[in-house]
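Notes follow once the structure below has been shown.
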Amino acid sequence: QESLLTPRFYTTDFDEMERLFNAEINKQLNQAEFEALLQEFKTDYNQTHFVRNPEFKAAADKMEGPLRQIFVEFLERSCTAEFSGFLLYKELGRRLKKTNPVVAEIFSLMSRDEARHAGFLNKGLSDFNLALDLGFLTKARKYTFFKPKFIFYATYLSEKIGYWRYITIFRHLKANPQYQVYPIFKYFDNWCQDENRHGDFFSALLKAQPQFLNDWKAKLWSRFFCLSVYVTMYLNDCQRTAFYEGIGLNTKEFDMHVIIETNRTTARIFPAVPDVENPEFKRKLDRMVEMNQKIIAVGESDDIPLV
1 QESLLTPRFY
11 TTDFDEMERL
21 FNAEINKQLN
31 QAEFEALLQE
41 FKTDYNQTHF
51 VRNPEFKAAA
61 DKMEGPLRQI
71 FVEFLERSCT
81 AEFSGFLLYK
91 ELGRRLKKTN
101 PVVAEIFSLM
111 SRDEARHAGF
121 LNKGLSDFNL
131 ALDLGFLTKA
141 RKYTFFKPKF
151 IFYATYLSEK
161 IGYWRYITIF
171 RHLKANPQYQ
181 VYPIFKYFDN
191 WCQDENRHGD
201 FFSALLKAQP
211 QFLNDWKAKL
221 WSRFFCLSVY
231 VTMYLNDCQR
241 TAFYEGIGLN
251 TKEFDMHVII
261 ETNRTTARIF
271 PAVPDVENPE
281 FKRKLDRMVE
291 MNQKIIAVGE
301 SDDIPLV
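Residues 1 to 307, numbered by UniProt numbering, are exactly what the sequence shown covers, in order.
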């Protein structure tokens, strides 16, 4: 069942992407920076990181009740999100090969990372005797169209917020090992560096297109995408407090920490970001949680609401 908060699959205007990264048309492209980033991705720091061990199945067998159910959902949603990134990056790598081979190869190597993450998460589902049919998902899922500049804003934020989520959970569980209910979290330290590198690449892409950063429209879109990503995460996580409580976190405190750190990082590249450290911001988020819960209740009710 899809909703506004469901992980999505994205597509874009690939012809415009080709024009944006054509070095003959866009003289401001910093090819030296892209070549340096390419060497980073070729190094493949996590090539041997995602290796499973018997702890996984044993931990899954011990998990029961609501935590087991919500953990399966966490694996499903995370796998879907990573696989969505794989599909988009793979197609960009293919389409940009002639226009800008360096940028194309980076996209292909990022698709390698995303496929690795998705596969690791899907193997985690097998510990719970489940699996996602990723081939079926590719064909059956609806694709959301975003113009290239919106892909840049949204994907930069997605990668950076992923970094802060993973590193925060890793540090928390390292300090509180009694909440280490499943070994996948032990991999988050290196894993989050993939997210960070991906975000740095999108930062370079944005800097190569100054028109996406230097006018009043860019400021409005930057704030819009920040708010969209932060609100979506907050509403999603507040529906799944059992997961975060199960690993010893306070959901809202965790989310606010991630939002604040992501926003501070994003302020280095985006021309404008919302003031998320103003107490009024959290008050409005909590109000949206209340409203979202009412919407969910209406959707689950057999009664026809009066409008």
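Note that beta-carbon positions come from the ideal geometry of N, C-alpha and C, so glycine has one too.
In this text, all values refer to a predicted model and were calculated from it rather than measured experimentally.
- Linking Thr11 to Lys62 through their CA atoms gives a straight-line distance of about 40 Å.
- Going by DSSP, Thr43 is part of no beta strand (DSSP E) but of the alpha helix (DSSP H) stretching over Gln31 to Thr43.
- Shown here for Arg165: same chain residues with a beta carbon closer than 7 Å to its own, the five before and five after excluded, namely Val258 in chain order.
- DSSP, reduced to helix, strand and coil, places Tyr143 within a strand of the structure shown.
- Leu235 and Phe86 have their C-alpha atoms roughly 25 Å apart.
- Less than 8 Å separates the beta-carbon of Ser78 from that of Leu121.
- Close CB contacts of Pro271 within its chain, under the 6 Å cut and outside five residues either way in sequence, are with Leu213, Ala218, Lys219 and Ser222 (chain order).
- In the DSSP assignment, Tyr166 falls within the alpha helix (DSSP H) that extends over Pro148 to Ala175.
- In the DSSP assignment, Phe201 falls within the unbroken alpha helix (DSSP H) covering Phe188 to Lys207.
- Distances from the CA of Val181 to each of Ala81, Gln69 and Gly246 were compared; the closest alpha carbon is that of Gly246.
- Around Ala297, the same chain offers no residue with a beta carbon nearer than 8 Å, after the five sequence neighbours per side are excluded.
- When Cβ pairs closer than 8 Å are counted between the two stretches, the segment 65 to 82 is seen not to touch the segment 189 to 202, the count staying below three.
- With a 10 Å radius around the Cβ and a threshold of 16 neighbouring Cβ atoms, Glu277 comes out exposed.
- By the CB criterion at 8 Å, Glu114 and Glu82 fall inside the cutoff.
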